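According to my numbering, numbering within the sequence shown proceeds without interruption in unit steps and concludes at 297. Note that the Cβ used here is the ideal one computed from N, Cα and C, for glycine as well. The structure displayed is predicted, hence computed values, not measured ones.
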Amino acid sequence: MDKKVIIAIGLLIVLAVGISSFLPEGIKPAAVGEQVRAFQLPNLKDELQGLPKGQVYLLNFWATWCPPCRKEVPSMVKLYEQLKDKGFGIVAVSVDRSRSDVVNFVKEYNMNFTVLHDDDSQVSAQYGVFRYPETFIVDKKGVIRQHLNGAMDWEDKEFISYINNLLDEPATK
């Protein structure tokens, strides 16, 4: 190889390393055992809303164009109906660009829990979410207890038992 080519490649490597040192570090995905990462997003009434405090809830990232998301929503609605009076909640964060698509989907599927709109996927990225649906189960202290990828059957007895156990835990220890 020509000496000039080797020098040019070396300079490109030095330049790339130098530039990369000025870029922000990658965002680490949210992990089990960590506190949830606070955020505020608009709900479907365009009011900014954050995460609940002192409550067990699912933090679900989804999209209307996602077939597995469509599949899991009916069982999520039933889970919420079954446990909402015990202090259970769901925060469903849609990454759709179109607000009207989200509004229509929520009506069609009777989603009567909190739905927030992350139209630029900034919060989704903050959590390291890139596949949909992804769900974080959060305890009363705001700690992520489980991170689940893919559609779930939220009517499964094991899930319901797990969530009931979290609901029975004291808010402070």
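- Of the residues assessed, residue 242 falls on the buried side of the cut-off, its CB having 16 or more other CB atoms within 10 angstroms.
- Residue state for residue 282 is assigned as helix, using DSSP reduced to three classes.
- Taking a contact as a CB-CB distance under 8 Å, the pair residue 237 and residue 286 does not count as one, their CB atoms being some 18 Å apart.
- A Cβ-Cβ contact shorter than 8 Å links residue 262 with residue 183.
- For the pair residue 240 and residue 288, the CB atoms are not nearer than the 8 Å cut-off.
- In the three-state scheme derived from DSSP, where H, G and I count as helix and E and B as strand, residue 236 is classed as coil.
- In the three-state DSSP reduction, residue 222 falls in the coil class, being neither helix nor strand.
- Using a C-beta cut-off of 8 Å, the region 154-163 makes contact with the region 242-260, since at least three inter-stretch Cβ pairs fall below that distance.
- Here residue 279 is near residue 202, since their CB atoms are less than 8 Å apart.
- Around the Cβ of residue 259, a 10 Å sphere holds 16 or more other Cβ atoms; the residue is buried.
- For residue 294 and residue 198, the gap between their C-alpha atoms comes out near 29 Å.
- Of the candidates 208, 232, 159 and 188, 188 places its Cα closest to the Cα of residue 217.
- In terms of Cα proximity to residue 173, the closest of 179, 164 and 180 is 164.
- The C-alpha of residue 233 lies about 17 Å from the C-alpha of residue 219.
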